[in-house]
Amino acid sequence: MKIKLYIVEEQEFLRDAYNAVLPLEPTLDVVGISGNTNTDGVMSVLSAFQPDVMILGTKMLQSSTIIQLETIQEHFPDLGIVLLSTLFDIKGIKQLKEYTNNISKGSAFLLKRSIDKTSQLTQIVHAVVEGQIVLDPVIMENLICVGESKTTFLQELTHRELEVLNWMANGYRNNTIADVLGVDPKTIDRHINSIYSKLDMQSNSKHPRVSSIMLYLKATGQLLNYDLLGM
Numbered sequence: 002m003k004i005k006l007y008i009v010e011e012q013e014f015l016r017d018a019y020n021a022v023l024p025l026e027p028t029l030d031v032v033g034i035s036g037n038t039n040t041d042g043v044m045s046v047l048s049a050f051q052p053d054v055m056i057l058g059t060k061m062l063q064s065s066t067i068i069q070l071e072t073i074q075e076h077f078p079d080l081g082i083v084l085l086s087t088l089f090d091i092k093g094i095k096q097l098k099e100y101t102n103n104i105s106k107g108s109a110f111l112l113k114r115s116i117d118k119t120s121q122l123t124q125i126v127h128a129v130v131e132g133q134i135v136l137d138p139v140i141m142e143n144l145i146c147v148g149e150s151k152t153t154f155l156q157e158l159t160h161r162e163l164e165v166l167n168w169m170a171n172g173y174r175n176n177t178i179a180d181v182l183g184v185d186p187k188t189i190d191r192h193i194n195s196i197y198s199k200l201d202m203q204s205n206s207k208h209p210r211v212s213s214i215m216l217y218l219k220a221t222g223q224l225l226n227y228d229l230l231g232m
């Protein structure tokens, strides 16, 4: 069964791009596209089309964005959300950290510049449908920076290592991560070994993959969600 997808995007050229390529994806059913990001307007189209996932494109991830997401989730608790923003501010990041503690459905928070392939965006939509939380490496770094001091050692990781760790935390195996990122599996192995090397100085665990994932989930405020889900 295809995933019903509704797209709300402020920027006209991106709406045109999404409308040109996403309907060609065999697993997606693009039921509508709009440029009206007003909360009332978004709620209206969600009520009319009842999508499985909404892509919400905005220029700035800020406090008002999180308030909007909370309102949408309250009325549509089964909706998966992919938030794509151009920029973000620190206050918005702080509220995002709190928001991720209270969501049980799949969500993705990404910078628009991080999406460079249609298949990448499609994979993210599928991850959200599966209940995963996907975070942009840059957003992850800032979530970590506003977190507790005992989790700030994750700042030692590179953007790519954080990206790989995010997919690991979402249950993806090395070969699948390589497919998503469009790199050789051996490259993923090297990134993971680097992650273990950096984080094992702190964790000293016999199970580095599990320990690294748990440290990451705690640092990004997602550990509560996994506890509630029995994971």
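Just so you know, we're using the working numbering here: the sequence shown kicks off at 2 and counts up by one.
From the three backbone atoms N, C-alpha and C, an ideal C-beta is built for every residue, glycine too.
Could you have a look at residue i and say whether DSSP puts it in helix, strand or coil?
i           : result
residue 84  : strand
residue 230 : Low confidence applies to residue 230: its pLDDT is 35, below 50, so where it sits in the model is not reliable, and the reading given next is rough at best. Coil at residue 230, not helix or strand.
residue 184 : coil
residue 4   : strand
residue 10  : strand
residue 151 : Bear in mind that the predicted position of residue 151 carries a pLDDT of just 48, short of 50, making it unreliable; the figure below should be weighed with that in mind. Reduced to three states, the DSSP call for residue 151 is helix.
residue 173 : coil
residue 105 : coil
residue 116 : coil
residue 190 : helix
Do residue i and residue j have their CB atoms nearer than 8 angstroms?
i           : j           : result
residue 4   : residue 28  : yes
residue 169 : residue 125 : no
residue 8   : residue 34  : yes
residue 52  : residue 6   : yes
residue 99  : residue 58  : no
residue 157 : residue 199 : yes
residue 82  : residue 105 : no
residue 197 : residue 209 : yes
residue 62  : residue 84  : yes
residue 144 : residue 167 : no
residue 130 : residue 54  : yes
residue 133 : residue 171 : yes
What residue does the beta strand (DSSP E) around residue i start on, and which one ends it?
i           : result
residue 108 : 108-112
residue 134 : 134-136
Along the chain, where does the alpha helix (DSSP H) that runs through residue i open and close?
i           : result
residue 218 : 209-220
residue 156 : Unbroken run through residue 156: none, as it is neither H nor E.
residue 120 : 119-130
residue 94  : 91-101
At which residue ranges does the region 12-77 contain complete beta strand (DSSP E) runs of 3 or more residues, listed in the order of the chain?
Correct list: 29-35 and 54-62.
Report yes or no: do the region 189-197 and the region 170-181 share at least 3 C-beta pairs separated by less than 8 angstroms?
They touch, by the three-pair rule.
Answer yes if the region 115-125 comes into contact with the region 93-105, meaning at least three C-beta pairs across the two stretches below 8 angstroms, and no otherwise.
The region 93-105 makes no contact with the region 115-125: fewer than 3 CB pairs, one atom from each, lie closer than 8 angstroms.
Would you check if there are 3 or more beta carbon pairs closer than 8 angstroms linking the region 95-113 to the region 36-50?
Below 8 angstroms, too few C-beta pairs join the region 95-113 and the region 36-50 to call them touching: fewer than three.
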